[in-house]
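Chains as they are written, first to last, in this note's numbering: chain F, 14 to 355; chain G, 158 to 426.
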């Protein structure tokens, strides 16, 4: 891919589907004092209302700084950032009333118990006494913490603290929720719970912006992902479109039974001549089938399946097993950001 | 639902007042639960100071008769000043460097500077509680405290301004100093503050020790001590009240400005 992907107005409109943007970033630049490079270097994107947007990138790519600007904790050098239509630089107070943050590291108020953490957060946001008590109980219940509400948060495990952080963020009914590396250090149960909760939020119309290293989860959960590196947005699309755009990364594995006398070389040539197939090779495998072939394809592997099956049939073979190998978001990520350690 | 065109009107302006009161309520709530340990923390030092210098040395005949009445106003002012200072400086250093617990309050819908102002207001309140608690303790330790009703307004003003200045100085220290250096800074700053604040002696009598008098004049605590002492022990010559008030207000404006700037720098990258 050449040059940074910037969201043109046309793609923004397509992405938001006319529903209005919950988050909008335009030409965002952040340079920290005494640093030679911009931490964020001209980033622009829009997140539609009710969308789950994944921001991916290696350490130091500029994701956290971008989120910091959007959550009013980092002052941008130039550019514009809007959350819920509110300019976060010009009106940070109003912006804070519509957004919420689940930080990477727990920052719960340890002088308070779990329920009080929720109650005081809501009080900061001007919620009435009766309403905040009701909402705190409701969220503790939903997060499976109902019987631990009176406990000091010091005694909370990582997973419990994470759930309480999510509950706290939801107390004031934000329209945009920012999650910074939400599954870091969680056990599988807690991770599943967090992701289920994020999906439930989208159902309820809350916009979610999530930064993560976990490509598999990002691909599963995000409606669209942006891949950042060196302060720039390198790619921005749905996970499916990003992986489809990876040429020659998809594979189609065929296990072929050859009952009669079949010219293997002819079969391989015929398969290689199919539209979208770049090359064919024979691969080793268990001896359940007579011949194992791997087709490297330019398009979605499933599209080649039909024509390939016909070719096998015509040659007198019988298709035994089929396996589609789609490129993963991780392949996209590595191809964009390289393999060097950060 | 908001659109990029005319969105802001759809987001109602949040209540800054509610947010500020929420922060204050949180601090009062937390302190209320640990009032005993709070008072023990802040009162032990002044109690011993008062007992040893005001009572023991007097009983042993090492200090003259009315020294206790010179010492008490200074110790009261010092207690309020130092309590307020520690209640902004220490929590801020810990919050900004380690626990980040303050982040949830920084994301509350109010200007960042008001989060700093709340710290000053609350630390001042704690300082005042500690200072006021020294009055009955003074009676207990020294046997009597001289305070006329007519002196109360200026004593109250002196303590209020002293606590505010202490809290503002704590804000400056708490936002400028990193956690790794706070021990050093506290040791290096607090001891001179304690001994150059005219708490144990009247500033006006330092004529013979000119350089020390100049040093003490640079310490805001001097003006709080002198203002309170001038009212509680009128027989001792003190810096005129209006000079003390003007000096304290001047220190307050300067330190609040520097402190809020420092706070803003720590709160927003």
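The beta carbon of each residue, even a glycine, is placed where N, CA and C say it ideally should be.
Scanning F/303, F/281, F/288 and F/269 for the CA closest to the CA of residue 294 of chain F turns up F/281. Under the three-pair Cβ rule at 8 Å, the region 264-279 of chain G does not count as touching the region 376-385 of chain G. Closest option to residue 303 of chain G, judged by alpha-carbon separation, among G/325, G/292, G/311 and G/310: G/292.
No Cβ of chain G is located within less than 8 Å of the beta carbon of residue 91 of chain F. In this structure, the beta-carbon distance from residue 313 of chain G to residue 280 of chain G does not fall below 8 Å.
Proximity of residue 81 of chain F to chain G, defined by a Cβ-Cβ separation below 8 Å, is satisfied. Of all residues in the region 111-124 of chain F, those with a C-beta nearer than 9 Å to a C-beta of chain G are 111, 112, 113, 114, 116, 118, 119, 120, 121, 122, 123 and 124, reading in chain order. Inclusion of residue 190 of chain F and residue 130 of chain F in the CB contact set at 8 Å is not warranted, their separation being larger than that value.
Going by DSSP, residue 66 of chain F is part of the beta strand (DSSP E) stretching over 65-69.
Between residue 227 of chain G and residue 381 of chain G a beta carbon distance of about 15 Å is seen, past the 8 Å cut, so the two are scored as non-contacting. Taking every protein chain shown into account, the CB of residue 297 of chain G has fewer than 16 other CB atoms within 10 angstroms, so this residue is exposed. For residue 49 of chain F, the closest C-alpha among the options F/244, F/249, F/145 and F/332 is that of F/244. If you draw a straight line from the Cα of residue 331 of chain F to the Cα of residue 308 of chain F, it comes to about 17 Å. In the DSSP secondary-structure assignment, residue 165 of chain F is bridged to F/126.
Identification of residues in the region 266-293 of chain G having a C-beta nearer than 7 Å to some C-beta of chain F yields 266, 267 and 268, given in sequence order. Excluding five sequence positions before and after residue 199 of chain F, the CB atoms of its chain that fall closer than 8 Å to its own CB belong to 171, 172, 175 and 207, given in chain order. In this structure, G/321 is the residue among G/321, G/371 and G/263 with its C-alpha nearest to the C-alpha of residue 286 of chain G. Assignment of residue 257 of chain G by DSSP, reduced to helix, strand and coil, places it in the coil class. In the three-state DSSP reduction, residue 157 of chain F falls in the coil class, being neither helix nor strand. Per the C-alpha coordinates, the member of F/69, F/111 and F/121 positioned closest to residue 235 of chain F is F/69. For a Cβ distance threshold of 7 Å, residue set 107 of chain F lies close to residue 170 of chain G, ordered along the chain. Interface with chain G (8 Å Cβ-Cβ cutoff): residue 98 of chain F is included.
The C-beta of residue 124 of chain F has 16 or more other C-beta atoms within 10 Å across all chains shown, which makes the residue buried.
Straight-line spacing of the CA atoms in residue 72 of chain F and residue 230 of chain F works out to 17 Å. Contacts with chain G at 8 Å (Cβ-Cβ) include residue 87 of chain F.
The beta strand (DSSP E) runs lying completely inside the region 237-265 of chain F and spanning 3 residues or more are 237-242 and 245-250, given in chain order.
The alpha-carbon separation between residue 312 of chain F and residue 289 of chain F amounts to approximately 6 Å.
Distance from the Cα of residue 65 of chain F is smallest, within the candidate group F/167, F/87, F/297 and F/233, for F/233. The DSSP-derived three-state label of residue 170 of chain G is coil.
Segment contact: the region 209-221 of chain G against the region 359-374 of chain G, fewer than three CB-CB distances shorter than 8 Å; contact not assigned.
Two segments are said to touch when three or more pairs of C-beta atoms, one from each, lie closer than 8 Å; by this definition the region 343-354 of chain G touches the region 362-379 of chain G.
Boundaries of the alpha helix (DSSP H) around residue 199 of chain G: 192-206. Proximity to residue 426 of chain G across F/75, F/62, F/81 and F/35 peaks at F/81, based on C-alpha coordinates. As DSSP reads the structure, residue 150 of chain F sits in no beta bridge.
With the rule of 3 Cβ pairs closer than 8 Å, the region 407-416 of chain G counts as touching the region 319-335 of chain G. Partner residues in the beta bridge of residue 113 of chain F, as assigned by DSSP, are F/190.
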